[in-house]
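A short write-up of the structure that comes next.
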Amino acid sequence: MQNLTFKGDKIILSIIILLSLLSIMMIASAGDRWMEQIRNFGVGFFLLFLFYHIDYRNVSRFATPLLILSGGLLLYSVFRSSGSRTITLMGMDLQIFYFIGFCVLLYMAKYMAKKLNNEDELSQKEVIKLFIIILAFCGGIFLANQSTAIILFCTCIVVLFAGRVKISYLAAFCGVILAGVLLAFALKFGRTETLRNRVLYWWDGRTPELNKDYGRQSILSRAAISTASWLPANVGKGTIKKVLPEKDNDYVYAVLVEEMGILVGLFVLFAYLIILYRTMRIARNADGAFGMLLAWGIGFWFCMQALVHIGVNTFLIPATGQTLPFISRGGVSLAISGAAIGMLLNISKYQKI
3 MQNLTFKGDK
13 IILSIIILLS
23 LLSIMMIASA
33 GDRWMEQIRN
43 FGVGFFLLFL
53 FYHIDYRNVS
63 RFATPLLILS
73 GGLLLYSVFR
83 SSGSRTITLM
93 GMDLQIFYFI
103 GFCVLLYMAK
113 YMAKKLNNED
123 ELSQKEVIKL
133 FIIILAFCGG
143 IFLANQSTAI
153 ILFCTCIVVL
163 FAGRVKISYL
173 AAFCGVILAG
183 VLLAFALKFG
193 RTETLRNRVL
203 YWWDGRTPEL
213 NKDYGRQSIL
223 SRAAISTASW
233 LPANVGKGTI
243 KKVLPEKDND
253 YVYAVLVEEM
263 GILVGLFVLF
273 AYLIILYRTM
283 RIARNADGAF
293 GMLLAWGIGF
303 WFCMQALVHI
313 GVNTFLIPAT
323 GQTLPFISRG
333 GVSLAISGAA
343 IGMLLNISKY
353 QKI
């Protein structure tokens with residue numbers, strides 16, 4: 003019976019379970035794909051508890067092979083799928099960028115931990131190596147999905163900062179990246195023109211060459227939120243959701259607020275912030291540098307994705323196409339989120355209190 007005792011962070015696990023229950027309700031309300039979502043949750047929670055029981059330090063052995071694999075997948079996406087967000091394997095369309103991002107963070111945590119455990123700082127050569135890896139992977143993802151590339155880049159910077167990389171190095175790197183992004187916009191490289199149009203629409207309502215559903219989605223998501231009551235009064239009976247594209251994915255938060263009320267919407271927002279706070283505690287008390295860096299990477303990536311999604315739904319930032327972790331309908335993204343949270347819970351199991 004002792005082996006069945008849960009020793010990880012119970013608050014994070016409880017929040018994930020509550021978010022998952024909300025997800026089933028929202029997907030069932032939005033359409034007829036709730037059974038598919040339940041199957042996806044089965045995979046996600048299986049991976050969560052699998053990685054909770056696997057010592058996270060053993061996973062570090064696979065950091066380099068996984069980075070090589072993710073590099074191959076990224077090259078396949080760029081050259082064979084024309085920069086698509088998905089690749090087709092055995093007849094299935096699979097989102098690969100979440101997996102690639104996780105592999106990058108895993109490798110960074112392992113690489114930096116070797117130095118930190120010996121109380122050494124990374125040399126300039128070692129920092130440049132990490133910069134090249136980040137630039138290669140974020141740049142490849144940027145061709146098809148700018149928002150995911152930006153989130154991964156910000157998460158990498160946070161991990162580098164937590165790993166005591168000099169501020170001067172980080173500032174110089176960010177300056178180079180900014181110059182590269184501006185050059186990409188000037189040359190209209192990849193999907194930068196789409197991103198530019200979305201920013202213009204968010205800024206002053208201009209809609210040059212935008213997908214016809216884009217402006218309608220933004221307007222309808224705000225309408226769904228602005229007409230919501232404080233308490234759940236419209237559960238399963240939302241009207242705006244019926245005409246809202248991506249109501250079970252990119253705009254699921256708007257549907258949730260419309261049907262469950264503003265207070266539930268605020269609960270979801272603070273739930274992700276609580277996960278971030280608990281992650282900071284886990285990182286601070288982690289048993290070793292690898293656990294500390296990996297916890298920072300998982301927690302920041304997970305919560306930044308959620309905050310970006312909520313920001314898009316409330317029109318605080320331009321649309322990005324980010325899903326809401328453990329609430330939006332998903333397959334591979336839900337599986338990767340489950341594995342990542344499982345590793346975070348495993349790190350918390352071994353933390354020094």
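Residue numbers (the numbering used here): 3 to 355.
We treat Cβ as the ideally placed atom computed from N, Cα and C, and that holds for glycine.
Hey, would you say residue i sits closer than 8 Å to residue j, going by beta carbons?
i	j	result
isoleucine 14	arginine 200	no
glycine 299	leucine 50	no
tyrosine 54	leucine 296	no
valine 161	alanine 111	yes
tyrosine 352	aspartate 250	no
valine 334	tyrosine 100	yes
isoleucine 136	cysteine 158	yes
isoleucine 343	glycine 293	no
glycine 263	alanine 226	no
leucine 76	phenylalanine 144	no
serine 79	valine 310	no
isoleucine 102	serine 62	no
alanine 291	asparagine 60	no
alanine 230	glutamate 260	yes
proline 320	tryptophan 204	yes
phenylalanine 133	phenylalanine 175	yes
Which residues in the same chain have their Cβ closer than 6 Å to the Cβ of residue i, if we skip the five residues on either side of it in sequence?
i	result
serine 223	Tyr253, Ala256 and Asn315
lysine 117	Leu124
methionine 345	Phe53 and Tyr58
glycine 74	none
glycine 238	Ser31
aspartate 34	none
glutamine 126	none
tyrosine 171	Val129
proline 67	none
isoleucine 221	none
Locate the alpha helix (DSSP H) running through residue i, then write down its first and last residues.
i	result
phenylalanine 302	291-315
glycine 74	65-81
tryptophan 232	First-last for tryptophan 232: undefined, no H or E at that position.
isoleucine 29	12-32
glutamine 126	126-144
valine 167	First-last for valine 167: undefined, no H or E at that position.
asparagine 348	334-351
phenylalanine 8	Note, phenylalanine 8: premise wrong, no alpha helix (DSSP H); not H, not E.
glutamate 38	36-55
arginine 283	264-286
arginine 59	58-61
Leaving out five residues on either side along the sequence, give the residues of the same chain with a beta carbon under 7 Å from the beta carbon of residue i.
i	result
glycine 46	Leu336, Ala337, Ser339 and Gly340
threonine 7	none
threonine 322	Ser149, Val310 and Val314
glutamine 307	Ile153, Gln324 and Pro327
lysine 9	Lys351
isoleucine 17	Ala273, Ile276 and Ile277
aspartate 11	Arg280, Ile284, Leu347 and Ser350
leucine 318	none
isoleucine 312	Tyr255 and Leu271
valine 167	Leu124 and Val129
Quick one: residues in its chain with C-beta nearer than 8 Å to the C-beta of residue i, no 5 flanking neighbours on either side, listed in chain order?
i	result
leucine 258	Leu24, Met28, Val266, Gly267, Val270 and Ile329
leucine 69	Cys105, Val106, Leu108, Tyr109 and Ile135
alanine 65	Cys105, Leu108, Tyr109, Ala111, Lys112 and Tyr113
tryptophan 36	Ile26, Ile29 and Ala30
glycine 240	Ser31, Ala226, Val257, Glu260 and Glu261
Using beta carbons (cut-off 8 Å, strictly below), is residue i in contact with chain C?
i	result
leucine 180	In summary, chain C is missing from the structure at hand, where a single protein chain is found.
(message) Pairs of beta-carbons, one from the region 261-278 and one from the region 41-50, closer than 8 Å: are there three or more?
(response) no
(request) Check whether the region 302-315 touches the region 144-153, taking contact to mean three or more Cβ pairs, one atom from each stretch, closer than 8 Å. (result) yes
(message) Across the region 14-25 and the region 324-332, are there enough close Cβ pairs to call them in contact, namely three or more that are closer than 8 Å?
(response) yes
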